[in-house]
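The structure under discussion appears below in the form of structure tokens.
There are 2 protein chains.
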Amino acid sequence: MVKISDVARHAGVSPSTVSYVLSGKRSISEQTRRRVLDSVRTLGYRPHAGARALASSRSNVIALVVPLRSGIHVPVVMQMAIAAVTTARTHDHDVLLLTQDEGVDGLERVAGTALVDAIIVMDVELHDVRLPVLRSLGRPSVLIGFPADATGLTCIDLDFEAAGAACAEHLADLGHREIALVGAPPAVYERGTGFAERTKTGFQRAAAERGVRAVVRPCDPQDARSTATGLLRDHPDLTGVVVHNEPATEPLLTAFRAAGRRIPDDLSVIAIAPDDLAERLGLTSIAIPADEVGAQAVTLLMAKLDGQEVPASTLLPPRLVVRSSTPPLP
Amino acid sequence: MVKISDVARHAGVSPSTVSYVLSGKRSISEQTRRRVLDSVRTLGYRPHAGARALASSRSNVIALVVPLRSGIHVPVVMQMAIAAVTTARTHDHDVLLLTQDEGVDGLERVAGTALVDAIIVMDVELHDVRLPVLRSLGRPSVLIGFPADATGLTCIDLDFEAAGAACAEHLADLGHREIALVGAPPAVYERGTGFAERTKTGFQRAAAERGVRAVVRPCDPQDARSTATGLLRDHPDLTGVVVHNEPATEPLLTAFRAAGRRIPDDLSVIAIAPDDLAERLGLTSIAIPADEVGAQAVTLLMAKLDGQEVPASTLLPPRLVVRSSTPPLP
DNA sequence: TTCGGCAGTCGAAGCGCTTCGACGGCGGGA
DNA sequence: TCCCGCCGTCGAAGCGCTTCGACTGCCGAA
């Protein structure tokens with residue numbers, strides 16, 4: 001293994017000079033710089049990560065905690081992870097993969113051993129047990145998703161309120177006068193805050209602003225059929241539906257069709273769902289911008305590592321992709 | 001930060017004794033052991049990863065290179081990755097996530113800086129440019145998938161030959177007398193060796209042993225329709241089909257139906273494909289055992305890190321899951 | 001009784017890097 | 001002309017851990 005003293009000898013300088021050339025933390029004459037860099041190249045020098053971490057108390061590694069539970073959409077997670085790794089690399093950092101099931105211990109371990117400098121947690125829950133730990137860990141962190149109480153933490157996610165509003169506005173623009181939002185299962189709403197609630201708020205506000213009648217229904221995926229028929233019974237003039245409930249999306253479409261509504265002829269549909277699902281079903285949709293979330297999470301984390309102040313919450317603007325399920329009304 | 005000398009002082013021993021208690025590399029009296037472990041616990045000591053790596057030249061981290069190209073099935077990759085992390089943890093190791101596009105440089109970087117002790121590469125190609133690097137890196141590695149020339153490397157994957165055979169046998173058991181394998185696109189076969197070829201070999205061998213007529217066709221996903229009609233025209237007595245071509249699976253089913261064959265009444269179908277696809281389509285199938293592949297890859301790597309000899313190639317036995325697409329013949 | 005050997009412990013020497021303080025030389029202001 | 005201060009470089013002191021050799025008792029064999 002070639003070490004910094006080898007480079008120093010080869011370049012005719014001291015090890016500390018080599019270090020300063022490489023880190024740029026002190027001014028070095030152009031001539032010395034060049035000589036050192038030449039030696040680095042010809043010797044193929046690579047600083048030892050452990051030694052560097054020990055001396056500088058910076059490992060240049062961040063932890064990424066990925067979720068395991070079944071409700072989540074794997075491609076979205078993967079996309080975020082890849083984006084995170086790619087972005088981390090542009091900041092000269094690497095990514096350590098942790099699974100949800102390591103839980104609190106995992107966080108304490110990687111932070112406590114100084115294996116990582118900072119942490120990204122995906123898929124935080126409303127009352128996540130990891131929150132107090134993250135707050136007291138003494139290392140920067142970024143959460144993907146919003147817990148009930150995010151004080152002292154940095155969070156990022158899609159702006160679900162804007163997403164709800166965008167859906168309502170799109171339908172209003174097309175001429176719909178009565179629209180519905182079919183949301184998460186009742187249990188999710190009962191738990192209080194969260195992305196489900198936000199979508200609803202945005203949807204209702206935008207509809208009100210446009211003078212469009214708006215109804216909101218929760219929906220258990222297994223009750224898709226009854227939700228659909230109930231909705232159509234109570235609101236026979238309904239012409240537009242927003243579905244924010246990934247597993248229920250396909251069943252709902254089936255149920256609407258079974259109830260005699262052609263899509264999109266009789267009923268326009270927008271999904272708030274991963275792009276591949278919407279793509280496959282040909283639905284106008286708002287996707288989770290996974291790449292952007294992953295990349296931004298890392299960017300925020302890097303800023304925090306640099307000691308900068310960052311906004312406590314980052315809401316990414318929704319992007320509505322129009323597909324065949326929301327044509328203009330005749 | 002509490003360090004080993006703090007523990008030593010608290011326990012009334014020397015730092016080296018603490019180290020030996022923790023590593024178990026020298027015998028320590030039960031009494032001292034207990035005292036040290038108590039101190040460790042009450043002080044909440046965690047060894048500094050960087051210091052440990054520097055002193056022991058072992059980082060206890062392995063790299064996992066995940067593929068990016070579009071052909072791959074994301075949930076399978078994710079499942080392997082999770083299994084790898086979980087298994088690595090049982091061996092007291094962590095996993096660093098690398099993306100394919102870091103390529104050769106990435107491997108040289110993480111190995112050269114001693115950031116990782118060993119490497120797992122997923123989705124190796126037949127003539128992967130990373131192979132020579134892996135061979136010369138001086139660190140253990142395990143490949144998931146088989147390149148054309150695997151000398152000096154450790155590989156693991158599903159046993160596609162056995163999978164092909166299992167499909168043929170299952171159909172033979174059910175009473176089929178003429179069966180077909182619809183495989184990868186022609187280009188894949190032309191490239192020579194690889195999993196496509198192996199499946200074919202196993203399929204043909206088993207069919208021959210059972211006295212069943214067997215035909216093999218490559219298939220481009222966009223030519224699914226013509227492949228299906230051509231197959232049925234040339235072999236009107238065909239009653240069983242094995243599809244080993246993930247993207248073409250659904251189009252092929254559609255094409256068979258369009259050609260007037262009911263599934264499974266007129267035509268039994270087996271897929272060699274990810275479980276979720278087969279599940280969704282209700283097809284009897286052989287899945288890629290992602291969990292097992294990921295876990296075993298890590299186990300092999302750990303054995304190599306321990307200096308043990310491991311088999312150059314590990315072929316995981318296929319498991320055929322019977323669903324509704326292959327009922328017994330009347 | 002003597003002594004070899006082993007179990008249990010310690011001290012010290014690194015592992016390879018960063019960083020702090022110091023120092024020589026040189027340019028510019030007084 | 002003198003001195004201050006800055007630029008560029010060096011030496012040395014760690015960062016926290018592992019590990020090697022050495023030392024001390026103590027037991028059992030001779």
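Protein sequence lines correspond, in order, to chains A and B.
Numbering-wise (full-length UniProt numbering), the first sequence opens with residue 1 and increments by one.
Numbering-wise (full-length UniProt numbering), the second sequence opens with residue 1 and increments by one.
All residues carry an ideal CB built from backbone N, CA and C; glycine is no exception.
All figures in this text were calculated on a predicted structure; none of them were measured in a lab.
Anything in chain B within Cβ reach of residue i, meaning under 8 Å, just list it in chain order.
i	result
residue 281 of chain A	Result: empty, since nearest Cβ-Cβ is about 14 Å, beyond 8 Å.
residue 86 of chain A	99, 101
residue 96 of chain A	61, 94, 95, 96, 97
Compute the Euclidean distance between the alpha carbons of residue i and residue j, then round it to the nearest angstrom.
i	j	result
residue 204 of chain A	residue 77 of chain B	40 Å
residue 166 of chain B	residue 58 of chain A	53 Å
residue 119 of chain A	residue 139 of chain A	8 Å
residue 228 of chain B	residue 198 of chain B	22 Å
residue 319 of chain B	residue 164 of chain B	11 Å
residue 239 of chain B	residue 62 of chain B	48 Å
residue 145 of chain B	residue 330 of chain A	55 Å
residue 224 of chain A	residue 208 of chain A	26 Å
residue 247 of chain A	residue 183 of chain A	11 Å
residue 194 of chain B	residue 221 of chain B	19 Å
residue 156 of chain B	residue 296 of chain A	36 Å
residue 24 of chain A	residue 8 of chain A	16 Å
residue 26 of chain B	residue 32 of chain B	12 Å
residue 192 of chain A	residue 17 of chain A	Confidence in residue 192 of chain A is poor, its pLDDT being 46 and thus under 50, which makes the residue's placement too unreliable to answer from.
residue 15 of chain B	residue 272 of chain B	57 Å
residue 292 of chain A	residue 172 of chain B	51 Å
residue 331 of chain A	residue 249 of chain A	There is simply no residue 331 of chain A to check, as chain A begins at 1 and stops at 330 in what is shown.
residue 150 of chain A	residue 168 of chain A	28 Å
residue 43 of chain A	residue 307 of chain A	35 Å
residue 261 of chain B	residue 122 of chain B	38 Å
residue 256 of chain B	residue 237 of chain B	14 Å
residue 3 of chain B	residue 300 of chain B	33 Å
residue 6 of chain A	residue 30 of chain A	20 Å
residue 187 of chain A	residue 162 of chain B	47 Å
residue 105 of chain B	residue 112 of chain B	10 Å
residue 98 of chain B	residue 134 of chain B	15 Å
On a CA-only basis, which of the options is nearest residue i? Give me that one, please.
i	options	result
residue 243 of chain A	A:107, A:290, A:283	A:283
residue 331 of chain B	B:142, B:163, B:299	Because chain B here runs from 1 to 330, residue 331 of chain B falls outside it and cannot be looked at.
residue 269 of chain A	A:129, A:116, A:174, A:90	A:174
residue 37 of chain B	B:137, B:12, B:49, B:92	B:12
residue 324 of chain B	B:294, B:110, B:280	B:280
residue 93 of chain B	B:327, B:303, B:251, B:308	B:303
residue 391 of chain B	B:133, B:41, B:170	Only positions 1 to 330 of chain B appear in the structure, and residue 391 of chain B is not among them; the question remains open.
residue 317 of chain B	B:30, B:123, B:160	B:160
residue 202 of chain B	B:226, B:158, B:106, B:125	B:158
residue 137 of chain B	B:127, B:128, B:117	B:117
residue 79 of chain B	B:46, B:216, B:294, B:52	B:294
Chain B partners of residue i, CB-CB under 7 Å?
i	result
residue 103 of chain A	Chain B residues near residue 103 of chain A: none, gap ~12 Å exceeds 7 Å.
residue 113 of chain A	46, 47, 48, 49
residue 26 of chain A	Per Cβ cutoff of 7 Å: no residues; residue 26 of chain A is ~23 Å from chain B at best.
At 9 Å on the CB atoms, spell out the chain B contacts of residue i, in chain order.
i	result
residue 117 of chain A	By Cβ distance, chain B contributes nothing, its closest Cβ being about 11 Å from residue 117 of chain A, past 9 Å.
residue 78 of chain A	66, 74, 75, 77, 78, 81
residue 257 of chain A	Those do not exist, as residue 257 of chain A stays about 19 Å from chain B at its closest Cβ, beyond 9 Å.
Quick one: which chain A residues come within Cβ less than 8 Å of residue i?
i	result
residue 65 of chain B	The contacting residues do not exist; residue 65 of chain B stays about 11 Å from chain A at best.
residue 82 of chain B	66, 68, 99
residue 41 of chain B	Simply none; closest approach about 13 Å.
residue 261 of chain B	The contacting residues do not exist; residue 261 of chain B stays about 25 Å from chain A at best.
So does residue i have its beta carbon nearer than 8 Å to some heavy atom of the ligand ZN?
i	result
residue 313 of chain B	Although the ligand ZN was asked about, the structure shown includes no ligands whatsoever.
Please list, in chain order, the chain A residues whose beta carbon lies closer than 9 Å to that of residue i.
i	result
residue 135 of chain B	In chain order: nothing, as chain A lies at least about 17 Å away.
| request: Select from the stretch 215-240 of chain B all residues with a C-beta closer than 7 Å to any C-beta belonging to chain A, and list them in chain order. | output: none
| query | What residues in the stretch 48-59 of chain A have a beta carbon less than 7 Å from any beta carbon of chain B? | reply | 48, 49, 50, 51, 53, 54, 59
| message | What ranges does the alpha helix (DSSP H) occupy inside the stretch 148-207 of chain B, keeping only unbroken runs of at least 4 residues that lie completely in it? | response | 160-173, 186-190
| task | Identify each residue in the stretch 272-304 of chain A for which the Cβ-Cβ distance to at least one residue of chain B is less than 8 Å, and report them in chain order. | result | none
| task | Would you list, in chain order, the members of the stretch 120-154 of chain A that have their beta-carbon closer than 9 Å to a beta-carbon of chain B? | result | none
| field | Runs of alpha helix (DSSP H) lying entirely within the stretch 1-25 of chain B, each at least 4 residues, in chain order | value | 4-11, 15-23
| What runs of the beta strand (DSSP E), each 3 residues or longer, lie entirely inside the stretch 50-89 of chain A? | 61-66
| Continuous beta strand (DSSP E) assignments of at least 3 residues falling wholly in the stretch 99-150 of chain A | 118-121, 141-144
| task | Ignoring anything shorter than 4 residues or poking outside the stretch 208-284 of chain A, list the alpha helix (DSSP H) runs there in chain order. | result | 224-234, 246-258, 275-281
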